[in-house]
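Mapping of the sequence shown onto full-length UniProt numbering: residues 1 to 307, in sequence order.
For each residue, glycine too, the CB sits at the ideal point set by N, CA and C.
If you're wondering where the values come from, they're calculated on a predicted model, not measured in any experiment.
Written below as structure tokens is the structure these notes are about.
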Amino acid sequence: MAQTGRPEATDTSGHPAVAIVGPGAIGTTVAAALHQAGRTPKLCGRTPRASLELRDDRGRVLVPGPVHTDPAQAAGTVDLVFLAVKSTQVRASAPWLAALCRPDTVVCVLQNGVEQEAAVAPFVPGCPVLPAVVWFPAEAQPDGTVRLRGEARLTLPDAPASRTVREALSGTRCSIELAADFLSVAWRKLLQNAVAGLMVLSGRRAGMFGRADISRLSLAYLRECLAVARAEGAVLSDEVPREILESFHGYPADLGTSILADREADRPLEWDVRNGVVSRRGRAHRVPTPISDVVAPLLAAASEGPG
Numbered sequence: 001m002a003q004t005g006r007p008e009a010t011d012t013s014g015h016p017a018v019a020i021v022g023p024g025a026i027g028t029t030v031a032a033a034l035h036q037a038g039r040t041p042k043l044c045g046r047t048p049r050a051s052l053e054l055r056d057d058r059g060r061v062l063v064p065g066p067v068h069t070d071p072a073q074a075a076g077t078v079d080l081v082f083l084a085v086k087s088t089q090v091r092a093s094a095p096w097l098a099a100l101c102r103p104d105t106v107v108c109v110l111q112n113g114v115e116q117e118a119a120v121a122p123f124v125p126g127c128p129v130l131p132a133v134v135w136f137p138a139e140a141q142p143d144g145t146v147r148l149r150g151e152a153r154l155t156l157p158d159a160p161a162s163r164t165v166r167e168a169l170s171g172t173r174c175s176i177e178l179a180a181d182f183l184s185v186a187w188r189k190l191l192q193n194a195v196a197g198l199m200v201l202s203g204r205r206a207g208m209f210g211r212a213d214i215s216r217l218s219l220a221y222l223r224e225c226l227a228v229a230r231a232e233g234a235v236l237s238d239e240v241p242r243e244i245l246e247s248f249h250g251y252p253a254d255l256g257t258s259i260l261a262d263r264e265a266d267r268p269l270e271w272d273v274r275n276g277v278v279s280r281r282g283r284a285h286r287v288p289t290p291i292s293d294v295v296a297p298l299l300a301a302a303s304e305g306p307g
């Protein structure tokens with residue numbers, strides 16, 4: 001599996017050596033945070049690029065590349081890999097993980113869903129796999145840049161492997177929170193991601209949640225998801241569905257979501273980890289999921305066809 005060579009030092013500050021696999025919207029945001037702090041990571045992806053660019057209300061950050069595209073030329077292992085590819089791309093990232101990881105490399109998964117460890121661990125035997133909840137809205141733009149519409153923040157489990165991530169990002173624009181009850185935090189974010197899937201089915205952005213009918217549907221869907229989350233062991237209050245809906249009411253009307261961007265670009269959708277999981281886990285716990293049982297097949301069809 002992984003190489004056993006010495007880690008490649010990307011800076012001389014004593015911070016962990018870092019690689020980012022998947023320099024899309026989330027990966028670019030983390031790369032920019034590291035670069036601004038003088039800790040430019042190794043960039044690994046499918047498309048060669050000379051640099052990455054992040055833009056927000058404060059200006060722009062240009063992260064020097066190149067984006068490496070050949071795992072055979074990884075040039076050594078690292079202390080920390082941020083895996084920022086979509087869940088549909090994990091298997092395709094296996095050669096990068098094999099090239100960059102040694103048995104003690106921490107793999108921090110910046111991905112949607114509540115099943116990151118199970119999905120990634122088979123590709124990095126012996127490595128700590130650390131799920132993360134990503135809270136910042138970052139959107140890839142048509143010109144290849146990334147637009148960040150908020151502060152960058154990650155929530156991690158309160159676990160030993162999280163120390164490596166905290167050390168790597170200490171003093172950067174990307175803040176880290178540790179959660180003793182990470183399961184509840186992850187399911188709360190999944191509720192948010194699940195209801196955002198309705199944007200794909202309507203072809204509209206966040207402004208659609210201002211409609212009374214969509215608000216009613218969303219609230220019913222969120223309550224259904226909440227019942228499944230609780231069956232899984234998440235501790236979430238009755239107010240969480242309304243709080244999430246109110247957050248959508250407060251978003252800019254033109255704010256999209258990654259699954260909508262994938263639909264617009266005719267790419268495979270992360271429907272299963274964001275929406276299908278609710279039906280799957282509901283069946284396991286005998287919790288009825290009538291809305292999920294409609295939403296998930298429609299998203300699957302939008303992702304995979306035929307037709």
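Whole-angstrom distance between residue 100 and residue 86, CA atom to CA atom: Here residue 86 refers to the residue found at position 86 when the sequence shown is read from its first residue. Here residue 100 refers to the residue found at position 100 when the sequence shown is read from its first residue. Their Cα atoms are separated by approximately 18 Å.
Beta-carbon proximity of residue 76 to residue 43, cut-off 7 Å: Within the sequence shown, numbered from 1, the residue matching residue 76 stands at position 76. Within the sequence shown, numbered from 1, the residue matching residue 43 stands at position 43. For residue 76 and residue 43, no; Cβs fall outside 7 Å.
Where residue 236 falls: helix, strand or coil (DSSP): Against the sequence shown, residue 236 aligns to sequence position 236. Here residue 236 sits in coil by DSSP.
Closest by C-alpha distance to residue 57, when choosing among 204, 193 and 147: Residue 57 sits at position 57 when you count from the first residue of the sequence shown. Closest option to residue 57, Cα to Cα, is 147.
Own chain residues within Cβ distance below 6 Å of residue 268, not counting five before or after: One-based indexing of the sequence shown puts residue 268 at position 268. Leaving aside the five residues that flank residue 268 on each side, the residues in its chain whose CB is nearer than 6 Å to its CB run, in chain order, 88 and 303.
Host alpha helix (DSSP H) of residue 61 (start-end): On the sequence shown, position 61 is the one that residue 61 refers to. First-last for residue 61: 59 to 64, but that is the beta strand (DSSP E), not the alpha helix (DSSP H).
Where residue 102 falls, given that 16 or more other Cβ within 10 Å makes a residue buried: For the purposes of this step, residue 102 is identified with residue 102 of the sequence shown, where counting begins at 1. Using a 10 angstroms sphere on the CB of residue 102, the tally of other CB atoms reaches 16 or more, which defines it as buried.
Segment limits, alpha helix (DSSP H) that includes residue 117: Numbered from 1 along the sequence shown, position 117 holds the residue referred to as residue 117. Segment 116 to 120, the alpha helix (DSSP H) holding residue 117.
Burial state of residue 6 (16 or more Cβ within 10 Å): For the purposes of this step, residue 6 is taken as residue 6 along the sequence shown, with counting starting at 1. The predicted position of residue 6 is uncertain, since its pLDDT is 38 and thus under 50; a value taken from the coordinates is nonetheless stated next. Per the 10 Å Cβ criterion, exposed.
Where residue 341 sits in the DSSP three-state scheme: Nothing can be reported for residue 341, as the shown portion of the chain is limited to 1 through 307.
Three-state class that DSSP yields for residue 285 in the structure shown: As a first step, residue 285 must be located in the sequence shown, where it is residue number 285. Three-state result, residue 285: helix.
Own chain residues within Cβ distance below 7 Å of residue 117, not counting five before or after: If you number the sequence shown from 1, residue 117 lands on position 117. Answer for residue 117: 129 and 131, listed in chain order.
The region 242 to 253 touching the region 174 to 187, judged by at least three CB pairs closer than 8 Å: A contact is defined here as three or more CB-CB pairs under 8 Å, and the region 242 to 253 fails this definition with respect to the region 174 to 187.
Burial state of residue 141 (16 or more Cβ within 10 Å): For the purposes of this step, residue 141 is identified with residue 141 of the sequence shown, where counting begins at 1. Exposed, since its Cβ has fewer than 16 Cβ neighbours within 10 Å.
Three-state class that DSSP yields for residue 249 in the structure shown: Numbered from 1 along the sequence shown, position 249 holds the residue referred to as residue 249. It is helical.
Bounding residues of the beta strand (DSSP E) (the contiguous stretch that carries residue 125): On the sequence shown, position 125 is the one that residue 125 refers to. Counting along the chain, residue 125 falls outside any beta strand (DSSP E), and DSSP gives it neither H nor E.
Sub-7 Å separation of residue 41 and residue 26 beta-carbons: Translated into the one-based positions of the sequence shown, residue 41 becomes position 41. Translated into the one-based positions of the sequence shown, residue 26 becomes position 26. No; because the gap between Cβ atoms is not below 7 Å, this pair is not in contact.
Contact under 7 Å by Cβ, residue 35 with residue 63: Within the sequence shown, the letter at position 35 stands for residue 35. Within the sequence shown, the letter at position 63 stands for residue 63. Yes, Cβ-Cβ distance for residue 35 and residue 63 is below 7 Å.
Sheet register partners of residue 42 (DSSP bridge): The residue given as residue 42 occupies position 42 in the sequence shown. Answer is 19, bridged to residue 42.
Separation of residue 38 from residue 49, as counted between CA atoms: As a working note, residue 49 is residue 49 in the sequence shown. As a working note, residue 38 is residue 38 in the sequence shown. Between the C-alpha atoms of residue 49 and residue 38 there is a straight-line separation of about 20 Å.
Cα-Cα separation between residue 105 and residue 206, rounded to whole angstroms: Along the sequence shown, one-based indexing puts residue 105 at 105. Along the sequence shown, one-based indexing puts residue 206 at 206. Those two C-alpha atoms are separated by around 38 Å.
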